[in-house]
Amino acid sequence: MPGKVQTSAATLAGKSGAVTRTGERDGRSLWGVIAASQVYQAFSNALLSSPRRQFAILIAFPVLWVLTQHLGPMLQMLYVSFVEAYPVSSGYEQQFTLDNYARFFGSAIFIMPFFRTLAFAATLTLATLVLTYPVAYFLARHVKRSNQMIFLLLLLIPFWVGEIVRTYAIMILLGNNGAVNLVLKWLGLIDRPIPFMYTGFSLSVGIIYLSALYMLLPLYSALEKLPRSYTEAAADLGAGPWARFWKVTLPLSLEGISSGATLVFLISTGYYATPVLLGGPSTTVFAETIAGFFHTAGDEWPTGAAFACLMFVTALAISLAFGQMMNRLQKGVRK
Amino acid sequence: MTRHTRLVMSMIYWAFVLYIFVPLILMVTMGFKDSKFIGFPIRSWTLDWYLEVFGDAEVLSAFGYSMLIGVSSTLVSLAVGVWIAVLLNGRGFVGKGLIYGLTLLPALIPGIISAISFRIYAQLWGIPPGTGAIIWCHAVHNVPFVVLIVAARLGTLPKSHLDAARDLGADPIIAFMRVTLPYLRPALIGGGVFCMLISFDDFVRSFFLGGYQPTLPVLIFAKLRSGMSPEINAIATVVLVLTGLLGIWAERTTRRMKQGKLHS
Chain A
0 MPGKVQTSAA
10 TLAGKSGAVT
20 RTGERDGRSL
30 WGVIAASQVY
40 QAFSNALLSS
50 PRRQFAILIA
60 FPVLWVLTQH
70 LGPMLQMLYV
80 SFVEAYPVSS
90 GYEQQFTLDN
100 YARFFGSAIF
110 IMPFFRTLAF
120 AATLTLATLV
130 LTYPVAYFLA
140 RHVKRSNQMI
150 FLLLLLIPFW
160 VGEIVRTYAI
170 MILLGNNGAV
180 NLVLKWLGLI
190 DRPIPFMYTG
200 FSLSVGIIYL
210 SALYMLLPLY
220 SALEKLPRSY
230 TEAAADLGAG
240 PWARFWKVTL
250 PLSLEGISSG
260 ATLVFLISTG
270 YYATPVLLGG
280 PSTTVFAETI
290 AGFFHTAGDE
300 WPTGAAFACL
310 MFVTALAISL
320 AFGQMMNRLQ
330 KGVRK
Chain B
0 MTRHTRLVMS
10 MIYWAFVLYI
20 FVPLILMVTM
30 GFKDSKFIGF
40 PIRSWTLDWY
50 LEVFGDAEVL
60 SAFGYSMLIG
70 VSSTLVSLAV
80 GVWIAVLLNG
90 RGFVGKGLIY
100 GLTLLPALIP
110 GIISAISFRI
120 YAQLWGIPPG
130 TGAIIWCHAV
140 HNVPFVVLIV
150 AARLGTLPKS
160 HLDAARDLGA
170 DPIIAFMRVT
180 LPYLRPALIG
190 GGVFCMLISF
200 DDFVRSFFLG
210 GYQPTLPVLI
220 FAKLRSGMSP
230 EINAIATVVL
240 VLTGLLGIWA
250 ERTTRRMKQG
260 KLHS
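Keeping their order, the protein sequence lines are chains A and B. Throughout the first sequence, residue numbering follows numbering that gives the first Met the number 0, covering 0 to 334 in sequence. Throughout the second sequence, residue numbering follows numbering that gives the first Met the number 0, covering 0 to 263 in sequence.
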């Protein structure tokens, strides 16, 4: 019944200001005019005639998007990691090979940064957890609910500033003429500045500085959900502060720990600018190794792609295994 | 909780605040130092570095370029993100969980891997490194954040609003434009600013997908590699202030939305 649709759509568009308050100027909004137009009516009747068709239109674009834009780049990278050359020079056949992966296992120059990155990421994840847990706990349990947002915001603001600016801030903090060395000298603890920069230490400080928030937020939301009555009940039953923490609070915040640790671990394997700026020759991470293959023209890309795949698959596998472990722990808690 | 543990906890919190803020404060301070050399102590102060920054055509053009990329990629992310969020918030279908997982994927891929996979992918589609490639990569990377923020808001839209629109004869598109979209406004502001900030501050994607024109973070990186200078501090300070103000504004908007003060 096109006629009926037309009049009622026009009614909605033109007169019923109750549905929405935006857009109306002289009694008819832009969308009202469009809805009543012949062209739109034809379009609507052709495409939106049945719920099934409507759903098909709704779902088509998102599916297409996630497959081509979210999954596509990863699949293409996987594909390139198995070819000899990319892009292929004209006149040549595309050859498949495992050489790109073999190259990784053949040289310590590649293997060392790989394991260093994983070890770094794991250690820093743990350090971040230990550092931010008390902060999240304080925010969720000790700060008045009405003030929590302000206390949280105070920590959030600096995290909106990007990787480069915050890395630079750490360079100023730890440099030979940096603030830490100045304070130590002023206190008379050192004569000569300690070379913090371009070491594993400066890199660690930088990465923790960059990723602490990804741990803090999941922890905070897990702890915030935890009813206070649980710890109160434990206290009534005679549990001391430590017992309350180990037996009640910690086990019930495993979910937050799990998602925070996964995020921090995955993200910290992917930093590139920070290791370049804060690290030195002894702290080369795998991101720098991978990047090295992309500074040159296309001929090294397949190797870089293979290395990136190795890194991502390993990091993902570790995260999933960790998540599984936490899940099992959690189920143990529930029982 | 005893008063003692509360005190210890609050001290840890403030120590953490210091850890977060001190490096940034030092960085800001150093931008006012009247000397070419970065480092303490600071003996005399100046505003010259700021004057230099505002007169530096390279910095200004990088700033404008980053803004252009931020705004364009945010518009794409918002459009796509809203569409996906509407789908995921609607009725169930086979593979919904898979679509949800794939939607979040870009947020979980480590930066360097995301950057180089897009570098390869751009090659496949014949897109040269440069503005288009950066905007595209930033847009894809930000979609998951838009979906999460918009879906949270959509979840609070009373179904009766849409039913009313449908009863009055609006087809789904008109109902979306006149009911859902106005209702989503705060989420769009919050999500949009969030995307803007991520895009504006992004280094690794812009670095690997960029052409000859640098975005602001890429320019700062290049300057840092050739040596530290208070001019970089001045640039970074301007970025810090702008980012902070924009972020606080967006946060306020989304918070008011949560408290239900914004309805349309």
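Quick reminder that beta carbons are idealized off the backbone N, C-alpha and C, glycines included. Just so we're clear, the structure is a prediction, and the values are computed from it rather than from any experiment.
Spatial distance of residue i from residue j (CA atoms)
i: arginine 2 of chain B; j: threonine 230 of chain A; result: 16 Å
i: alanine 235 of chain B; j: leucine 244 of chain B; result: 14 Å
i: threonine 252 of chain B; j: glycine 189 of chain B; result: 7 Å
i: glycine 131 of chain B; j: serine 72 of chain B; result: 9 Å
i: glycine 177 of chain A; j: isoleucine 68 of chain B; result: 34 Å
i: isoleucine 24 of chain B; j: isoleucine 163 of chain A; result: 16 Å
i: proline 216 of chain B; j: arginine 42 of chain B; result: 29 Å
i: valine 16 of chain B; j: valine 79 of chain B; result: 36 Å
i: alanine 238 of chain A; j: isoleucine 112 of chain B; result: 48 Å
i: leucine 223 of chain B; j: asparagine 44 of chain A; result: 60 Å
i: phenylalanine 62 of chain B; j: glutamate 230 of chain B; result: 15 Å
i: alanine 84 of chain B; j: proline 185 of chain B; result: 15 Å
i: glycine 31 of chain A; j: leucine 202 of chain A; result: 58 Å
i: tyrosine 39 of chain A; j: isoleucine 172 of chain B; result: 11 Å
i: alanine 107 of chain A; j: threonine 122 of chain A; result: 22 Å
i: leucine 183 of chain A; j: threonine 198 of chain A; result: 19 Å
i: glutamine 329 of chain A; j: arginine 140 of chain A; result: 21 Å
i: valine 81 of chain B; j: valine 87 of chain A; result: 38 Å
i: proline 181 of chain B; j: alanine 55 of chain A; result: 24 Å
i: threonine 225 of chain A; j: leucine 86 of chain B; result: What sits at residue 225 of chain A in the sequence shown is leucine, not threonine. Their backbone Cα atoms lie some 32 Å apart in a straight line.
i: arginine 20 of chain A; j: leucine 167 of chain B; result: Because the pLDDT at arginine 20 of chain A is just 46, under 50, the model does not fix this residue reliably, and the value given afterwards should be weighed accordingly. Their Cα atoms are separated by approximately 16 Å.
i: leucine 147 of chain B; j: serine 28 of chain A; result: 30 Å
i: glutamine 122 of chain B; j: glycine 291 of chain A; result: 18 Å
i: valine 179 of chain A; j: threonine 166 of chain A; result: 16 Å
i: isoleucine 19 of chain B; j: leucine 154 of chain A; result: 7 Å
i: leucine 46 of chain A; j: alanine 138 of chain B; result: 28 Å
i: proline 157 of chain B; j: arginine 165 of chain B; result: 14 Å
i: glutamine 53 of chain A; j: phenylalanine 199 of chain B; result: 36 Å
i: tryptophan 241 of chain A; j: leucine 249 of chain A; result: 10 Å
Residue from the options with nearest C-alpha to residue i
i: asparagine 175 of chain A; options: A:Leu277, A:Leu212, A:Gly239 and A:Phe103; result: A:Leu277
i: alanine 101 of chain A; options: A:Phe306, A:Arg115, A:Pro240 and A:Leu215; result: A:Phe306
i: valine 160 of chain A; options: B:Thr45, B:Ala138, B:Val237 and B:Gly100; result: B:Val237
i: isoleucine 119 of chain B; options: A:Lys143, A:Val164, A:Val79 and A:Leu225; result: A:Val79
i: valine 7 of chain B; options: A:Gln93, A:Gln329 and A:Leu138; result: A:Leu138
i: alanine 120 of chain A; options: A:Gln147, A:Trp185 and A:Ile317; result: A:Ile317
i: glycine 71 of chain A; options: B:Ser65, B:Phe193, B:Pro105 and B:Thr179; result: B:Pro105
i: alanine 221 of chain A; options: A:Ala304, A:Thr122, A:Leu209 and A:Glu254; result: A:Glu254
i: glutamate 57 of chain B; options: B:Trp248, B:Gln212 and B:Ala233; result: B:Gln212
i: isoleucine 289 of chain A; options: A:Ser48, A:Lys143, A:Tyr208 and A:Met111; result: A:Met111
i: leucine 183 of chain B; options: B:Phe31, B:Ile115, B:Ile247 and B:Thr155; result: B:Thr155
i: valine 346 of chain A; options: A:Leu319, A:Arg227, A:Ser257 and A:Val263; result: Outside the displayed range of chain A (0 to 334) lies residue 346 of chain A, so it cannot be described from this structure.
i: phenylalanine 195 of chain A; options: A:Leu236, A:Leu173, A:Ala118 and A:Pro280; result: A:Leu173
i: threonine 28 of chain B; options: B:Gly246, B:Thr242 and B:Ala233; result: B:Ala233
i: methionine 10 of chain B; options: A:Ala118, A:Thr131, A:Ser48 and A:Ala242; result: A:Thr131
i: valine 70 of chain B; options: B:Arg90, B:Ile134, B:Lys95 and B:Tyr99; result: B:Ile134
i: glycine 91 of chain B; options: A:Ile58, A:Asn146 and A:Ile189; result: A:Ile58
CB of residue i within 8 Å of CB of residue j, strictly
i: valine 204 of chain A; j: isoleucine 169 of chain A; result: yes
i: proline 301 of chain A; j: tyrosine 91 of chain A; result: no
i: alanine 260 of chain A; j: phenylalanine 321 of chain A; result: yes
i: leucine 175 of chain B; j: phenylalanine 144 of chain B; result: According to the sequence displayed, residue 175 of chain B carries phenylalanine and not leucine. Contact: no.
i: phenylalanine 285 of chain A; j: methionine 310 of chain A; result: yes
i: isoleucine 207 of chain A; j: methionine 26 of chain B; result: no
i: tyrosine 64 of chain B; j: threonine 214 of chain B; result: yes
i: serine 76 of chain B; j: asparagine 141 of chain B; result: yes
i: phenylalanine 81 of chain A; j: phenylalanine 60 of chain A; result: no
i: alanine 304 of chain A; j: threonine 268 of chain A; result: no
i: threonine 124 of chain A; j: phenylalanine 264 of chain A; result: yes
i: leucine 153 of chain B; j: asparagine 88 of chain B; result: yes
i: isoleucine 266 of chain A; j: tyrosine 213 of chain A; result: yes
Anticipated Cβ contact below 8 Å, residue i with residue j, distance rounded
i: leucine 196 of chain B; j: cysteine 136 of chain B; result: With a Cβ gap of about 16 Å, leucine 196 of chain B and cysteine 136 of chain B do not count as contacting.
i: alanine 211 of chain A; j: threonine 127 of chain A; result: 6 Å
i: valine 65 of chain A; j: threonine 102 of chain B; result: 6 Å
i: valine 264 of chain B; j: glycine 110 of chain B; result: Summary: the structure shown does not reach residue 264 of chain B, with chain B confined to residues 0 through 263, and so no result is reported for it.
i: leucine 151 of chain A; j: tyrosine 219 of chain A; result: 7 Å
Heavy atom of the ligand MG within 7 Å of residue i beta-carbon
i: leucine 222 of chain A; result: Among the ligands in the structure shown, none appear at all, so the ligand MG cannot be discussed.
Notebook entry, point to check: What are the start and end residues of each continuous alpha helix (DSSP H) run of 4 or more residues lying completely inside the segment 169 to 197 of chain A, in chain order?
Noted result: 178 to 185
Notebook entry, point to check: Can you list, in chain order, the stretches of the alpha helix (DSSP H) that have 4 or more residues and sit fully within the segment 95 to 173 of chain B?
Noted result: 95 to 107, 110 to 123, 130 to 153 and 158 to 166
Checklist line | Contiguous alpha helix (DSSP H) assignments of at least 4 residues, all confined to the segment 44 to 101 of chain A | finding: 50 to 64 and 71 to 79
Check: What runs of the alpha helix (DSSP H), each 4 residues or longer, lie entirely inside the segment 249 to 325 of chain A?
Finding: 253 to 267, 272 to 277 and 285 to 294
Next item on the list: Kindly provide the ranges of any alpha helix (DSSP H) runs that are 4 or more residues long and lie completely inside the segment 170 to 211 of chain B, ordered along the chain.
Entry: 171 to 174, 180 to 200 and 203 to 208
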